[in-house]
Structure formats: structure tokens, C-alpha cells
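Participant: I am attaching a structure below and will ask some questions about it afterwards.
Put into C-alpha cells, the structure is as follows:
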């Protein structure tokens, strides 16, 4: 086994615990005892032993978790109905004795969401999700009433992916609210929400959202396979799912787009993509997604095409600047000074005179300083974070130049690079650009432009071979002939009126998005 | 797979690549170079070189930077720039060399001159746009000049040449063009440079015939040569005597038309030049009515005569005195009359001085200046 395999290869292990199956007993006390035992030392569990029926001779237990249940449903639709209303209207005693379950379920409890489970484990799991279990004596099922309800954050404007024009809603940490936010935008019965529960201990809800006749079946199948293959104790955030289902975990490039915006997720669904919503995470995942998707901002589609095209081209330019500027500066000044115009050369050389470090070290110092400032800015509380940014950028930069540790031009280069990297709409792509920038700086420090080209080629080879759920990462740039219509929405943004087709990743038969019913002379005159 | 990739990468990183990393402020960016002939004194060893190389490079100061000038004796550009490294704390870098001034003594000896030219052509750092100029005296004198307007000499000379299409008396001077001419025929004209106190003057040119210096062409003659070759956009500074007054006329020549006139005895060439002109001034309280067509046509006539005379003088000098075809007649014949050219090609050096060259000049005055 090679070192590589040993470090990163597939490891086979035994799963630690397997949840067994305990059937629900007809005896209330026995069931109650088992559940109590399982939920021992869980002090947030509420047990309510009650008696129902006219004579109060039918025992029952209501179990729920404090803080995760909607108390209105619990009080008014479960307890009140069982304890008071069931005595007001007495049913037929015979039927009541024989079919107590049906009587309680169908005639007494007035909650919307209800089901029966046959095993204790399932019942406990549902209790832990926030539902309420009703255990009846002499009945071999446990009734689960949907009472999920807890304190949650309001739907607010997302912190990332800000736009000037566009909806102000962002996803929150509650899965159902998130799926509802998307459902509100797709009133189509073909829109499907498929649920999974992933994580041996966390049992996190994960939903796969797609529009049935648009999404590629192969992608859905592959996703289903990969989600089912996940065997982990807990899923804390959608980032876990992202890393566990992505195609190439070695790559520095993100292969799955994430978004906090329902409008972006919805647009992706209409493009035939698949959206994964994970409970407890305001970031939903979009697959398959390529480089192109991560360079787009929601606003591109809401503003008119002229400015959208300009901004998009600008963004690509800024990406190149963010990746290449420091490396090119080092390469040109230390290896190829003949590429500079004479006057610029003299000015750069005169400014650098007296700096004790080689340009590559100078660049690494400044880039690392910037990264440290950025990290500090994130960690510090809001107001201080901004202060640190200004203090860091202005004061440290100026002091470094005055002290002669770095040249002023390097400060300019690094600052422009930093500003340019903020124009990349997708944060995870921006991180990749930052890593690539560091690699390029080192390569150019060793080998000049040759090193820059070398790394560029390696990166391009890698990008070309990268796939996201079977879709080439660089679509549509790699196959511009077959995907010509996709180019309308890549480097440029064509007018909405000319974008008749969906992306080529959707099913062939469903490519057409828009028909043109305008009058033939529309817009011809004047 | 990964093993292979790692091996490939290490090869690419470790075995190839340019390890010539030098920080920008650790290089001496040579901006001007002067090459003079060196006559060894009696005490010199025999191995001492034949030329003096004088380098100028800017000081790296933010303000008031001047050129540093150092010189050394050696045989060729490459070895001297290597030797200089032992005398300097900086790496000599020729990528920004703008001006090479060659002392005319070198050009008088074809062997030496060719040695120097190949040193320039073969150096991969030297741009084809380097200015190559000849000087009558010592090239080192010129390199040592600190121009008052721009205290970096290399830059100063390069800037003069960059504006050369607006200055009528400067021949192109780019090393690329000169070397191409020399490859083709061994003949060319190289701009002449003259040192002043706080400036240098570029005017006129040195005629090179078969890699050997033949003589200097004067400023006015150079200007007219450029018109005949179609290498300038203006012929300014010319004036015409009109009724006892000098009237300056700015001329803008078009590209000349060269044609071969049928003649049994001799090769006969006609060069036709059309020019537009502006009358820049007359004289105060003039009696002339400059609006009259008679005045305009008089000026045109006089201007044609004067220009033609000077053009013919230039041609005469080139043909009879220098016997060197810098007019480009050889190129014209090769391009347009290949059969004839094949006949005369071998003896062109001898034939050129004897061919008939006629000049036809047509001047139209377009603007007459302000009129009271």
C-alpha cells in the first residue's frame, strides 16, 4: 500500500453500534419503562400520565420534549382533547375497548400531522425530533403527533451574497422554513422534496429538491447513491454533506455551489439543477455546479443585460488580477525586467532600493499579513473588526514602507489584489483563488514567468479534468460548440429576450425555457 | 500515477527553469553605451582589448537621480559586460539599453565595425529598437553628457528618436533597420550625434558603404534624403526667398513615387514627390495680398525650384562623392524590375554612381496663415 493510499485511501471499519428493534408492547407500563430507560437523565423530556375515557379507566402517557414542541398544539389539541373532550362525548364502549387506537387517532386528537409507529426506537427518534408520542394501554402502536415547534431566527436578509436589487430573504436554520421559501417560488407539482435522515446519532434531516422533468436523472441517482453511502455520526452543517458527496476532495476548487438566497436556489432548480437543504444550516447546496455558476451573482439577472455583461467581464478580470498580480510583479521585476517600460522600471527600482528582502519574500510577508488581518476581522466582533481592517491596512502598510521592510509598490499590488478578490461572488471560489495566488507567488519566485505558466497549466489541466456530478467543471468554456447557447450566460450576459434555452445540463427535451410570442414588428419601428 | 506526476514536477522545477533571479534594484539597467576605438599604449599588455566600452546607468534614487558612467577596455560587448561585474555591486543588465553610440573610428575599419555590429545583433537582451548612432569624436564624451532637460542620457536620446517623424533631420536610427540594410547590401545611413554642453544634438548621418564609413551627410541633405525615401512626415524649417524676404514654408511630403524611365543607354530613375505646404509667415505690414492665387503660385514655384535644387544636390553627393546607394534604388529595382536588377546586381556598386536620377517635385500651398 503506497503512502498516499495509507494516508488518504478508503478505510474499512466496523460500525460501532447498530440500533436494534424493540416492538411496541401491548402493556403500557412495559413500553413506558423501556422509553424511560432510554431517555434516562434527559431532563428536558416531559412525561404526562393521564387517564382518558368517561370513567377515566383508560391509561395513557404523553411524552414530548420541552422546548422543541409547540405548546399550543400539545395543550389544546392533545391533552385537552384526550382529558376533557373525550369525556363529553362518550363513544360506544365496545368499540372503544376494541379499537382504542382508531378512536383516539381519528376522533379525538385534532392535530394535522399524525402517524403510528410500531417500534420503540422509532418513537424515541420522533420524540427527539420534537414530536409528541401518545402511548395507550392495550394498544401495540405508539401514536406520534406532529408538534414540532421551537424558537427560530426570523427570515432576514442574508449576510453573504448581498445584492442591491433582488429579494431580501435568506435561508434560516430550520429546514421546513427553507423548503417553504423555495416552494413559494415554484408552484408546480413536479417540484419534489425528497427527505433523508443522515447521521447515526444526529439523524439530521436532509432534503433533496428538484423539478422532476428538468433535473437529470443520472445526477439524482448518483446523488442518492452518495447520500446513502454516508455513514457518519453527525451532520452539523451543509458543509459536511458538501465534503462527503463532492467528486474530488483533493481539489482546492469548490465543486458544489452554496447559497443563502432562496432566489438563487430556485433559479438553479429551474435550470434543472438539484438543491440539497440540510437542517440546521442556512446554506443550501446546488449541484451540479461549475466554475461559471460561481462567478455569477443573482443581480446579474435582475439588472439589464448591458451593465450585467460589463460587471461580469469585470469580475473575470478581477479574478485574474486576484490570482496573478503579485506573481506577475515578482516574475517581471526579478526575472524579466526588460518587459517593463524604462521609466516604470526606474521608478520601481528606485522605490525598491533599500528593501532588504527579495521581492518574493516581500510579497509573501504582505500577503500573509493581509490574510491574518482578514482572519482577525472575521473573528473580532463587528465594530472592532472594521477598525482592525483599517488599522491593519493603512497603518501597518504605511509603517512597513516607512521602515523600509517592503516597497510601496508591493503594498499597492497586494491591496489591489485583496480588493479584486472580494469581487468574486462565491466565497469558496475566492478561497481557492487565494490559495492559488500563494502557490503562484512561490512558483514565480523560483522560476519567474515560466513558473507562473507552469502552475497555470497545472491548474488548467486540473480544472479541465474536474467534474461536478458528471458535468465538466469548466462548462461551457471547454466545449463551446456543443454548448454554444450556454455561452450567452457565461463571460457575457445576453439579453433575457434572447435566452430561449436552459443550460445544456438539463434533459434535452426540456431545454426550451421561453417562447417568443411577440408581434413581428415589435420594436422594429423608430 | 501520483509518483509519476511528482517526478515530472520535480524535473520541471529543479532541472529546468531560469535560476537567474536578480532583484530589480540589484541590477544596473544600462541605458546608454558608447564604443570607442582604443589604441594600446606602450605599457599595455598585448591581450588588452581593442575598444573602450562606456556604460551609463541611472542611479536608483527617488529624486534627482543621475546617470552613473563607467568604462572599460575590452574586445566585445559580452565579455566587457561580464568583466564589469567584478567592478560593480550590481548585475549588468542590457535589457533596457536604448542608445548605442559608436565612435566613427571604429566604423572606418570594416572588420572592427562588423565585430561590434554582431555583438549588438547577437545579444538576446538588446531590442531591435535600440538606437544606433555614430559620432565624429569620442563616444565616451557623449555618454558623459548630462542633458539639462532629462538627466538620464539614454532616455534623452531615445526620446529624441521617438519623435523622429516630427523632426525632419534625423534618420531612423533603429538598430533593427540599420542591421537589415547592412544584411541586404552592406550600405546604410546611421544617424550622427554631436555632443553639446548640456545636451546632445542628433542631426545628419554617416554613410556606410560595404561596412566602411564613407563620409557625413549634412543636416539639410539628410532631410532631403528622407523626403526622397519617404521616411519623414515633415520637411520643416525650409524657407524661400520671395522679393528679398525669407518666407518659411512648412512642407508635408507624401510617399514618393519612383519609376524607371525607358532609356537604351542608361538606367534612368524618376522620383516624384508631392508635398503640401503652409506659409507660416510673410512680413509685417506686407504689401502682398496673400489671398491672391498669383502669390500662392509664385511661392509654390519658388519652393519647388529650391527644394528640387537641394534634392538634386543631395543625390549628387550620394552618387558622386559617396557612391553609395542609400536612396533605396536597389530595393526599388529588385521589387519592380527584377529582370533588370538581376543584370545589374553584381556591379550595382559601380553602376549606381552613373545612373540618371531625376526628381520631380510638386508643391501645393494649402494654408497661408492669418490674413489681416
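Residue numbers (our numbering), protein chains in the order written: chain A, 4 to 529; chain B, 2 to 373.
Beta carbons are placed, not taken as given, at the ideal position from N, Cα and C, and that holds for glycine.
In this text the structure is predicted, and so the values were computed from the model without any measurement.
#1: Does the Cβ of residue 310 of chain B have 16 or more other Cβ atoms within 10 Å, making it buried, or fewer, making it exposed?
#2: For residue 154 of chain B, count the other beta carbons within 10 Å of its own beta carbon; 16 or more makes it buried, fewer makes it exposed. Which is it?
#3: Rounded to the nearest angstrom, what separates residue 86 of chain B and residue 79 of chain B at their Cα positions?
#4: To which residues of the same chain is residue 364 of chain B closer than 6 Å at the C-beta, ignoring the five residues directly before and after it?
#5: Going straight from the alpha carbon of residue 6 of chain B to that of residue 386 of chain A, what length do you get?
#6: Measure the beta-carbon distance from residue 196 of chain B to residue 143 of chain B and round it to whole angstroms, keeping in mind my assumption that it falls under 8 Å.
#7: If we count Cβ pairs, one from each stretch, closer than 8 Å, do we get three or more for the stretch 240 to 253 of chain A versus the stretch 272 to 292 of chain A?
#8: When the Cα of residue 438 of chain A is compared with those of A/449, A/322 and A/268, which residue comes out closest?
#9: Would you kindly report the start and end of the unbroken beta strand (DSSP E) that includes residue 55 of chain A?
#10: Alpha carbon to alpha carbon, how far is residue 41 of chain A from residue 21 of chain A? Give it in angstroms, no decimals.
#11: Give me the residue from A/137, A/75, A/53 and A/37 with the minimum Cα distance to residue 124 of chain A.
#12: What is the rounded straight-line gap between the Cα of residue 271 of chain A and the Cα of residue 193 of chain A?
#13: Contact check, residue 92 of chain B vs residue 29 of chain B under 8 Å by CB: the rounded distance?
#14: Nearest chain A C-beta to residue 23 of chain B closer than 8 Å, yes or no?
#15: Counting only Cβ pairs nearer than 8 Å, list the residues of chain B close to residue 354 of chain A.
#16: Pull out every residue of the stretch 90 to 102 of chain B whose Cβ sits closer than 9 Å to any Cβ of chain A, in chain order.
#17: What three-state label does DSSP hand residue 3 of chain B in the structure shown?
#18: Return the residues of the stretch 329 to 344 of chain A that lie within a Cβ-Cβ distance of less than 7 Å from chain B, sorted by chain order.
#19: Tell me which residues share the same chain as residue 338 of chain A and place their Cβ nearer than 7 Å to its Cβ, disregarding the 5 neighbours each side in the sequence.
#20: My output table needs one value for residue 88 of chain A: the three-state DSSP class, helix, strand or coil.
#21: Among B/156, B/209 and B/171, which one has its Cα closest to the Cα of residue 186 of chain B?
#22: How is the beta strand (DSSP E) around residue 273 of chain B delimited, first residue to last?
#23: With 16 as the cutoff for other CB atoms within 10 Å, does residue 89 of chain A come out buried or exposed?
#24: Give, in chain order, every residue of the stretch 22 to 43 of chain B whose Cβ lies closer than 8 Å to some Cβ of chain A.
#25: Since residue 33 of chain A and residue 121 of chain A are thought to touch, with beta carbons under 8 Å apart, how far apart are those beta carbons, to the nearest angstrom?
#26: Are the C-beta of residue 4 of chain A and some C-beta of chain B separated by less than 8 Å?
#27: Anything in chain B within Cβ reach of residue 351 of chain A, meaning under 9 Å, just list it in chain order.
#28: When you check each C-beta in the stretch 358 to 382 of chain A against every C-beta of chain B, which residues fall closer than 8 Å?
#29: Looking at residue 290 of chain A and residue 333 of chain A, is the spacing between their C-beta atoms short of 8 Å?
#30: How would you label residue 118 of chain B, buried or exposed, when you count the other beta carbons within 10 angstroms and need 16 or more for buried?
#31: As an exercise, report each continuous beta strand (DSSP E) stretch of at least 3 residues that is fully enclosed by the stretch 130 to 185 of chain A, in chain order.
#32: Measure the C-alpha to C-alpha separation of residue 265 of chain A and residue 202 of chain A and round it to an integer number of angstroms.
#33: Please classify residue 3 of chain A: does DSSP put it in a helix, a strand, or coil?
#34: Would a C-beta distance cut-off of 8 Å place residue 496 of chain A and residue 308 of chain A closer than the cut-off?
#35: Leaving out five residues on either side along the sequence, give the residues of the same chain with a beta carbon under 7 Å from the beta carbon of residue 512 of chain A.
#36: DSSP beta-bridge partners for residue 391 of chain B?
Facilitator: This is what the structure gives:
#1: exposed
#2: buried
#3: 11 Å
#4: Answer for residue 364 of chain B: 276, 278, 301, 304 and 305, listed in chain order.
#5: 48 Å
#6: 5 Å
#7: yes
#8: A/322
#9: Where residue 55 of chain A is concerned, the enclosing beta strand (DSSP E) stretches over 48 to 55.
#10: The predicted model places residue 21 of chain A with a pLDDT of 49, which falls under 50 and marks its position as unreliable, so this point remains unresolved.
#11: A/37
#12: Going by C-alpha positions, residue 271 of chain A is about 15 Å away from residue 193 of chain A.
#13: 7 Å
#14: For residue 23 of chain B, the answer is yes, since a Cβ of chain A falls inside 8 Å of its Cβ.
#15: 63
#16: The residues in question are 94, 95, 96, 97 and 99.
#17: helix
#18: 336, 337, 338, 340 and 341
#19: 451 and 452
#20: helix
#21: B/209
#22: 269 to 280
#23: Residue 89 of chain A comes out buried.
#24: Listed by position along the chain: 22, 23, 24, 25, 26, 28, 30 and 32.
#25: No, residue 33 of chain A and residue 121 of chain A are not in contact; Cβ-Cβ is about 15 Å, not under 8 Å.
#26: Only weak support is given to the placement of residue 4 of chain A: the predicted model assigns it a pLDDT of 48, under 50, and the value that follows is read from those uncertain coordinates. Closer than 8 Å: no.
#27: 25 and 26
#28: 358, 361 and 362
#29: No, the Cβ-Cβ distance between residue 333 of chain A and residue 290 of chain A is not below 8 Å.
#30: The residue is buried, with at least 16 neighbouring Cβ atoms inside 10 Å.
#31: For the stretch 130 to 185 of chain A, whole beta strand (DSSP E) runs of length 3 or above, ordered along the chain, are 135 to 139 and 145 to 148.
#32: C-alpha of residue 265 of chain A to C-alpha of residue 202 of chain A: approximately 25 Å in a straight line.
#33: One cannot answer for residue 3 of chain A here, as it falls past the ends of chain A, which runs 4 to 529.
#34: Going by beta carbons, residue 496 of chain A and residue 308 of chain A fall inside the 8 Å limit.
#35: none
#36: Outside the modelled stretch of chain B, which goes from 2 to 373, sits residue 391 of chain B, for which no answer is possible.
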